[in-house]
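Q:
In our numbering, the protein residues as written are 1 to 318.
So, in structure tokens, the structure goes:
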């Protein structure tokens, strides 16, 4: 019994680290980092969904080889995209050749992208999994990938790394070849737009055009009902949105091993918080086999602390 209640001094650090981890992950939401690896300037646009607060910016300039990060609260949902060929004056007034949001300024101010545009879409969980995807349903204007870090679950990278503008069919190509329309955007008919008599998964099927997008970018949404292979989940992660990522930089989710929270494949993530996460994972596994109190007796207290914090935070978030 004495062994059961004894906690090594390092265990108290572990308990505190777990508490800090839970509070920071649960209360702060996620950090989104935008990275521009294109050979040109990109002007990202940000649109929060109805009911979600605006982030620090709704549109900004991102020059070559630079990055910028934003914090989003739990439960936030919205979309990101990259605008190209923009011309803004000293007062930040102007427009863009692709992905323009029609606001007349560098800030989109609640307006979305004018198709065609490659979109990254997110819904952050509130104590549950985040959902995210990269969509070509509104067409394509530049390569983009989404990568999660520091989360638990499959947390697969997704996106479209190929330059679809080079092989865009003439009937989908915008003037100047800077973007590629979707079939819905080009023709506007129900069978391509999945509306009217084609407004269900049973009646709206992939077209030759959407299949072309899918073959080039198998992890991206290619048409409205392409959910099965295009929606991804992760819990407690931060996300990096990269424009024009280098090739090859995107693996199929089938090739990506599940990620343990805080443990990265390059051997990093060995700080006290990451060690606490790993220890908790091991303890839960031992709990299932009946060995938990023998191997990690003090983690019983850790689990109790985290469970209590979980209940308190869940109540506060209601």
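Virtual Cβ for every residue (Gly too), placed ideally from N, Cα, C.
In this structure, what does DSSP give as the bridge partners for residue 87?
A: 95
Q: Are the Cβ atoms of residue 126 and residue 203 separated by less than 8 angstroms?
A: no
Q: Quick check on the burial criterion: 16 or more other C-beta atoms within 10 angstroms. Buried or exposed for residue 226?
A: buried
Q: Contact between the stretch 134 to 145 and the stretch 177 to 190 is defined here as three or more beta-carbon pairs at a separation below 8 angstroms; is this criterion met?
A: Touching, per the Cβ criterion.
Q: On the DSSP bridge assignment, give the partners of residue 120 in chain order.
A: Note: residue 120 sits in a beta bridge opposite 80 and 134.
Q: Assess, as a yes-or-no matter, whether the stretch 196 to 210 is touched by the stretch 228 to 242 under the definition of 3 or more beta carbon pairs within less than 8 angstroms.
A: no
Q: For residue 335, does the count of other Cβ atoms within 10 angstroms reach 16, so buried, or fall short, so exposed?
A: The structure shown does not extend to residue 335, since the chain is modelled only from 1 through 318, so no value can be given for it.
Q: Which residue's Cα is closest to the Cα of residue 152: 130, 172 and 162?
A: 130
Q: Whole angstroms is fine: what's the gap from residue 69's alpha carbon to residue 208's?
A: 38 angstroms
Q: If you run the structure through DSSP and keep just helix, strand and coil, what is residue 226?
A: coil
Q: Which first and last residues belong to the alpha helix (DSSP H) in which residue 185 is found?
A: Residue 185 -> alpha helix (DSSP H) spans 183 to 187.
Q: With a cut-off of 8 angstroms, does the C-beta of residue 158 fall near any C-beta of chain C?
A: Among the chains of the structure shown, chain C does not appear; only one protein chain is present.
Q: What does the Cβ neighbour count give for residue 108, buried or exposed, with the cut at 16 atoms within 10 Å?
A: buried
Q: Suppose you measure from the CA of residue 323 to the CA of residue 90; what does that come to, to the nearest Å?
A: Nothing can be reported for residue 323, as the shown portion of the chain is limited to 1 through 318.
Q: Please report the straight-line C-alpha distance between residue 241 and residue 165, rounded to a whole angstrom.
A: 20 angstroms
Q: Bridge partners for residue 239 per DSSP, in chain order?
A: 32 and 148
Q: Just checking my contact of residue 118 with residue 102 at CB under 8 angstroms: how many whole Å lie between their CB atoms?
A: That pair is no contact at about 18 angstroms.
Q: Look up residue 155 in the DSSP assignment and say whether it is helix, strand or coil.
A: coil
Q: According to DSSP, is residue 40 part of a helix, a strand, or is it coil?
A: Residue state, collapsed to three classes: coil.
Q: Pick helix, strand or coil for residue 234, following the three-state DSSP scheme.
A: strand
Q: To the nearest angstrom, how far is the alpha carbon of residue 35 from that of residue 243?
A: 6 angstroms
Q: Report the three-state DSSP secondary structure of residue 67 (helix, strand or coil).
A: strand
Q: Are the Cβ atoms of residue 134 and residue 159 separated by less than 8 angstroms?
A: Pairing residue 134 with residue 159 gives a Cβ-Cβ distance under 8 angstroms.
Q: Take the Cβ of residue 83 as the centre, count every other Cβ of all protein chains shown within 10 Å, and call the residue buried at 16 or more, exposed below.
A: buried
Q: Is the CB-CB distance between residue 79 and residue 55 below 8 angstroms?
A: no
Q: Quick check on residue 208: does DSSP put it in helix, strand or coil?
A: helix
Q: If you draw a straight line from the C-alpha of residue 187 to the C-alpha of residue 150, how long is it?
A: 42 angstroms
Q: Which two residues bound the contiguous alpha helix (DSSP H) that contains residue 191?
A: It spans 190 to 193 - the alpha helix (DSSP H) in which residue 191 sits, taken as one unbroken run.
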